[in-house]
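Numbering (this note's numbering), first residue to last: 1 to 397.
Just below is one structure, and these are the notes that go with it.
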Ligand SMILES: Cc1cc2nc3c(=O)[nH]c(=O)nc-3n(C[C@H](O)[C@H](O)[C@H](O)COP(=O)(O)OP(=O)(O)OC[C@H]3O[C@@H](n4cnc5c(N)ncnc54)[C@H](O)[C@@H]3O)c2cc1C
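Take a look at the structure:
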């Protein structure tokens, strides 16, 4: 078995002695004495701790089964570990959802490619998990391959930062402050990963990821080709991008272009943004942030009502979904453990034991009431996973 696979297993807290020892103890078939991926047998189950099923080593560890998959076609150097029936709720800010049939971690581009190949060979959909802060997973879980994005390198060159998709956005913004690079201060406090932020063109207080993104590297899930996309090719719009519309594109990294600034000033602006968010007391709730996008409203009377009520002009004819939900009298409305946040009506929260079904029923109720009472159709900002039959080769969310 190749050493990286052994290391990966060991990092997961599994006792992996040496292949030879396992062979002695469990009498594994001979081909497994070689490097993983070489001479894979076709069949065989084994009664010991380790067994072989089809192309994989299988290891039972507690309630979780690990399929250790060697490098496909001996073309790559990194192996991946595929776990089975992994609960996904802990990977989301909602803390809701069932298990993934398969679960892998992509800590390198090679591992990402292999995870996608694994999904394709199993004929299953895949889904990328970033920080899980904008994701509602069904109670039935995901009958596919959930790939946790852990590409976490950051490279700085002058005013430019190349950040890989798994980098925590807030950590990155702290780093920009240390470096005295300005441009992302208003995004401080948005949880999740760089990849998730690029895909959803995350934004706050008048700034968004598109403002600083100079280029995106994306892996095409079918061709496994790496594409370098200019901003014009990313089709960024309000909470939208090409990556959202084409789920076969997996964001691998983003080149961000910032302006030189004074480290103290950048830090101050960043901290002011975080303080402003914390004052709203929303950061610690079990939510996915704004559940709905702010809709474009065409009714001049409704716009006038909003502007008078809030004392602000509406931007690009968009009215905050939270204000509309509030106007429909839905603050604090509950369906089971799911509730419209009393402090911010566009935050639907899990009060502790909400199911995905309750959250969906609450969201439907909100949409229906806002449509019936104000004539506005709300669209979800939150991504969902595992609710409908997934396409066999596409991304499941
Ligand atoms: C308290 C709170 C406050 C929030 N405030 C804001 C805010 O002010 N502004 C805002 O815009 N959002 C906000 N959000 C929502 C959320 O933080 C952002 O949408 C964030 O960018 C999501 O990133 P993520 O890594 O968590 O994505 P995830 O939730 O992991 O994934 C969301 C979707 O993106 C896909 N995805 C993730 N990574 C990749 C990738 N590398 N390539 C392709 N697809 C990918 C997933 O498959 C999924 O469909 C908030 C959320 C919370 C909980």
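Positions of the beta carbon are idealized from the N, C-alpha and C atoms, including for glycine.
Values in this document were obtained by computation on a predicted structure and should not be read as measured data.
- Its chain contains 335 as the residues whose beta carbon lies nearer than 7 Å to that of residue 361, once the 5 sequence neighbours on both sides are disregarded; these appear in chain order.
- Of the residues assessed, residue 358 falls on the buried side of the cut-off, its CB having 16 or more other CB atoms within 10 angstroms.
- Here the alpha carbons of residue 213 and residue 227 stand approximately 15 Å from one another.
- Within the same chain, and ignoring the five residues on either side of residue 269 in sequence, the residues whose Cβ sits closer than 7 Å to its Cβ are 185.
- Between the alpha carbons of residue 116 and residue 263 lies a gap of roughly 40 Å.
- Secondary structure note for residue 83: it is in no alpha helix (DSSP H), and the uninterrupted beta strand (DSSP E) holding it is 80-87.
- Counted as a single uninterrupted DSSP element, the stretch harbouring residue 315 is not any beta strand (DSSP E), since DSSP gives it neither H nor E.
- Per the C-alpha coordinates, the member of 323, 305, 294 positioned closest to residue 316 is 294.
- Restricting attention to alpha helix (DSSP H) runs no shorter than 4 residues, the stretch 225-259 encloses them at 231-234, 242-245, ordered along the chain.
- Checking the DSSP bridge columns, you'll see residue 350 partnered with 338.
- Across the structure, residue 326 and residue 256 are spaced so that their CA atoms are roughly 37 Å apart.
- Inclusion of residue 250 in the 6 Å shell around ligand 1 follows from its C-beta lying nearer than that to a non-hydrogen atom of the ligand.
- In this structure residue 94 is in contact with residue 350, their Cβ atoms being roughly 5 Å apart against a cut-off of 8 Å.
- Distances from the CA of residue 384 to each of 110, 375, 368, 126 were compared; the closest alpha carbon is that of 126.
- With a contact defined as Cβ atoms closer than 8 Å, residue 291 and residue 370 miss out at about 12 Å.
- Looking at the backbone, the Cα of residue 148 and that of residue 192 are separated by about 12 Å.
- With contacts defined by Cβ atoms closer than 7 Å, residue 167 and residue 198 do not form a contacting pair.
- For residue 281, there is no enclosing beta strand (DSSP E), as DSSP marks it with neither H nor E.
- Per DSSP, the unbroken alpha helix (DSSP H) holding residue 194 starts and ends at 194-199.
- The beta carbons of residue 206 and residue 141 sit about 38 Å from each other, so the pair does not count as a contact at 8 Å.
- Close CB contacts of residue 374 within its chain, under the 7 Å cut and outside five residues either way in sequence, are with 302, 324, 327, 328 (chain order).
- Closest in alpha carbon position to residue 287, among 190, 100, 300, is 190.
- Take residue 314, set aside five residues on each side of it, and the residues of its chain with a beta-carbon closer than 8 Å to its own are 297, 303, 306, 307, in chain order.
- Rounded to the nearest angstrom, the gap between the Cα atoms of residue 342 and residue 282 is 10 Å.
- According to the DSSP assignment, residue 147 belongs to the beta strand (DSSP E) that extends over 142-149.
- Taking C-beta atoms as the reference points, residue 163 and residue 172 count as a pair closer than 7 Å.
- Assignment of beta-bridge partners to residue 161 by DSSP yields 156, 256.
- Residue range 126-129 is occupied by the beta strand (DSSP E) that includes residue 128, with no alpha helix (DSSP H) assigned at that position.
- If the five residues before and after residue 183 are omitted, its C-beta is found closer than 6 Å to the C-beta atoms of 212, 258, 259, all from its own chain and listed in chain order.
- From the listed residues 337, 104, 330, the smallest Cα separation to residue 367 is found for 330.
- Between ligand 1 and the CB of residue 134, the shortest heavy atom gap is smaller than 6 Å.
- Residue 277 and residue 271 have their C-alpha atoms roughly 10 Å apart.
- For residue 280, same chain residues with a beta-carbon under 7 Å away, outside a window of 5 residues either side, are 343, 344 in chain order.
- The Cβ atoms of residue 234 and residue 245 lie no closer than 7 Å to each other.
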